[in-house]
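Participant:
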Amino acid sequence: MEWTERQQRIVEIVKDSGSITGEKIAAMLNLTRATLRPDLTVLTMSGVLVARPRVGYSYREDLGPSPIMERMLQLRVCAFKSMPVTVLEDASIYEATVAMFTQNVGSLTVVGTDRVLLGMISRKDIMKASLGKIDLQQVPVGVIMTRMPNIYMTTLDEPVLSAAKKLVQHQVDSLPVVEGYVDESGNECYEVVGRFTKTNVTKLFVEIAETR
1 MEWTERQQRI
11 VEIVKDSGSI
21 TGEKIAAMLN
31 LTRATLRPDL
41 TVLTMSGVLV
51 ARPRVGYSYR
61 EDLGPSPIME
71 RMLQLRVCAF
81 KSMPVTVLED
91 ASIYEATVAM
101 FTQNVGSLTV
111 VGTDRVLLGM
121 ISRKDIMKAS
131 LGKIDLQQVP
141 VGVIMTRMPN
151 IYMTTLDEPV
161 LSAAKKLVQH
171 QVDSLPVVEG
181 YVDESGNECY
191 EVVGRFTKTN
201 VTKLFVEIAE
211 TR
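Under full-length UniProt numbering, the residue at position 144 of the sequence shown is numbered 144, and the numbers go up by one with no gaps.
1. State the Cα-Cα distance for the pair Ser174 and Ala99, rounded to the nearest angstrom.
2. In terms of alpha-carbon separation, which member of Val77, Leu29, Leu36 lies closest to Val193?
3. Which ranges does the alpha helix (DSSP H) cover as unbroken runs of at least 4 residues, wholly within the segment 33 to 96, from first to last along the chain?
4. How about Pro176 and Arg195: do their beta carbons lie closer than 8 Å?
5. In terms of residues, what are the limits of the alpha helix (DSSP H) holding Leu131?
6. Could you compute how far the alpha carbon of Gln103 sits from the alpha carbon of Gln169?
7. Check Val168 in the structure and name its three-state DSSP category.
8. Give every residue of the same chain whose Cβ lies closer than 7 Å to the Cβ of Gly112, excluding the five residues on either side of it in the sequence, and list them in chain order.
9. Helix, strand or coil: which one does DSSP assign to Ser162?
10. Just to confirm before moving on: does the CB-CB distance between Val141 and Val178 stay below 8 Å?
11. Please determine, among Val206, Glu207, Lys198, Ser46, the residue with the shortest C-alpha to C-alpha distance to Ser82.
12. Go ahead and label Leu40 buried or exposed: buried means 16 or more other beta carbons lie within 10 angstroms of its beta carbon, across all protein chains shown.
13. With a 10 Å radius around its C-beta and 16 neighbouring C-beta atoms as the bar for buried, classify Tyr190 as buried or exposed.
14. Can you check which of these residues, Thr154, Glu188, Asn187, Tyr181, is closest to Val172 by C-alpha distance?
15. On a CA-only basis, which of Ala27, Ala79, Tyr57, Ser19 is nearest Lys203? Give me that one, please.
16. For Gly56, which residues in the same chain have their Cβ closer than 6 Å to its Cβ, ignoring the five residues on either side in sequence?
17. Are the CB atoms of Leu43 and Val11 within a distance shorter than 8 Å?
Shown next, in the form of structure tokens:
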């Protein structure tokens with residue numbers, strides 16, 4: 001499995017230290033503990049690091065997959081995805097804001113006809129728009145959304161571990177779950193069939209812990 005440059009640096013620090021706390025790792029990288037937490041989670045989950053209460057992190061000499069990693073490589077996104085929360089491209093930013101807060105989500109998937117993936121809109125996008133001099137009830141979300149192909153997504157048969165790594169690496173709180181197809185014009189399209197979120201991953205961790 002490929003690691004980010006920061007994750008590789010974390011592994012080097014832990015290997016050199018023998019055993020070290022997350023706070024000390026964060027200080028050495030000039031980062032906050034909260035910023036580092038997703039990287040430590042991925043490295044621990046994959047079995048590269050071992051976390052021990054009141055001791056810290058140590059390097060796992062036996063590089064065989066950890067039980068958690070083995071389980072998460074077997075599990076697929078289709079079994080843990082949530083229902084998609086979507087909005088049409090011509091919906092107003094105000095309507096998207098209402099949908100985001102009533103559905104209690106951090107981002108919305110923007111779709112066209114037949115639920116084809118067009119883009120994503122986040123709370124940060126809405127906040128930026130709110131600070132500008134635009135009429136939120138008149139401007140469509142298509143103006144401020146992140147468009148395809150700059151969307152990180154997952155599929156029904158992707159391993160949960162791989163999808164979880166995308167959430168961490170790209171610093172997003174959800175991925176649209178899609179099924180790809182080619183339309184009559186020969187264009188590659190993606191139908192939105194769900195969403196995979198940090199909450200899904202957290203629930204999975206709890207389930208694995210309770211069944212061990």
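The beta-carbon is built from N, C-alpha and C at its ideal position, and this holds for glycine as well.
Facilitator: With the given structure in hand:
1. As a first step, residue 174 is located in the sequence shown; it is residue number 174 there, counting from the start. As a first step, residue 99 is located in the sequence shown; it is residue number 99 there, counting from the start. Distance between the alpha carbons of Ser174 and Ala99: 16 Å.
2. Start at 1 with the first residue of the sequence shown, and residue 193 comes out as number 193. Checked all of Val77, Leu29, Leu36; the closest Cα to Val193 is Val77.
3. You should have 33 to 45, 67 to 74.
4. Numbered from its first residue, the sequence shown carries residue 176 at position 176. Numbered from its first residue, the sequence shown carries residue 195 at position 195. Yes.
5. Counted from its first residue, the sequence shown places residue 131 at position 131. Start and end: 123 to 131.
6. Position 103 of the sequence shown, counted from the first residue, corresponds to residue 103. Position 169 of the sequence shown, counted from the first residue, corresponds to residue 169. When rounded, the distance between both Cα atoms is 25 Å.
7. Taking the sequence shown and counting its residues from 1, one reaches residue 168 at position 168. Val168 falls in the helix class under three-state DSSP.
8. Locating residue 112 in the sequence shown gives position 112, where the first residue counts as 1. Result list for Gly112: Glu89, Leu118, in chain order.
9. Taking the first residue of the sequence shown as position 1, residue 162 is located at position 162. Here Ser162 sits in helix by DSSP.
10. Sequence index remark: in the sequence shown, residue 141 carries index 141 (1-based). Sequence index remark: in the sequence shown, residue 178 carries index 178 (1-based). The answer is no: Cβ separation not under 8 Å.
11. Residue mapping note: residue 82 aligns to position 82 of the sequence shown, counting from 1. When only C-alpha atoms are compared, the closest one is Lys198.
12. Here the question's residue 40 lines up with position 40 in the sequence shown. Buried, by the Cβ-count rule.
13. Looking up residue 190 in the sequence shown gives position 190. With 16 or more other Cβ atoms within 10 Å, it is buried.
14. Translated into positions along the sequence shown, residue 172 becomes position 172. With distances taken between Cα atoms, Val172 lies closest to Thr154.
15. Working through the sequence shown from its first residue, we reach residue 203 at position 203. The residue with the shortest Cα to Cα distance from Lys203 is Ala79.
16. Numbered from 1 along the sequence shown, position 56 holds the residue referred to as residue 56. Once the five neighbours on either side are set aside, the close Cβ partners of Gly56 are Ser19, Ile20, Thr21.
17. In the sequence shown, the residue the question calls residue 11 occupies position 11. In the sequence shown, the residue the question calls residue 43 occupies position 43. A contact, by the Cβ cut-off of 8 Å.
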